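A quick write-up on the structure given underneath.
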Amino acid sequence: MAKSAHPVVSPEHAAILRTIAAIPRGRVARYGEIAARAGHPRRARLVGRVLGESDPALKLPWQRVLRSDGRIAFPPGSRGFLEQRARLLEEGVMVVKGRVDLLRFGWQRDLDAEMWAPR
DNA sequence: ACATTGACTCGCG
DNA sequence: GCGCGAGCCAATG
């Protein structure tokens, strides 16, 4: 077969999609973080592109992927922005001014977890 | 084949 | 906080 009739998922894309699927509920991860964990350091844009073109039927937790500063990547007020915020709030992730505190909800915050240990 | 675009990131002023 | 430039690179026109 020369070409498939539907989108082909390369191994690289698959690694990225798997990484996104692994983000725990109630936690968030940065584009660059996903890229690095999937074996593509410095390729944050690839993550955004792959995610945007991915099949919705995969039901990926795309709302858990944020920019490096904790902000939602979509323009404030846009459809994507509003839905992402709603989805995050629904699973207990606090979103203030389109932004999430990575020290509290970041997937990798474990390193700083001690600071937030309940007293 | 060249230019622009974009669910990105980082450093500098 | 804000704007800019640079690096990033596949998709799109």
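Residue 1 is where the first sequence starts when you use our numbering, and the numbers rise one by one after that.
Where a beta carbon is used, it is the ideal one built from N, C-alpha and C, also for glycine.
Nothing here was measured: the structure is a model prediction, and the numbers come from that model.
Sixteen is the threshold: when 16 or more other Cβ atoms of the shown chains lie within 10 Å of the Cβ of V47, as they do, the residue is buried. A distance below 8 Å separates the beta carbons of V95 and R85. Nearest to I23 by alpha-carbon distance, out of G98, W62, D69, is W62.
Taking every protein chain shown into account, the CB of A57 has fewer than 16 other CB atoms within 10 angstroms, so this residue is exposed. Cα atoms of A21 and P76: separation of roughly 25 Å, rounded to the nearest angstrom. Taken atom to atom, the span from the alpha-carbon of F74 to that of H40 is near 23 Å.
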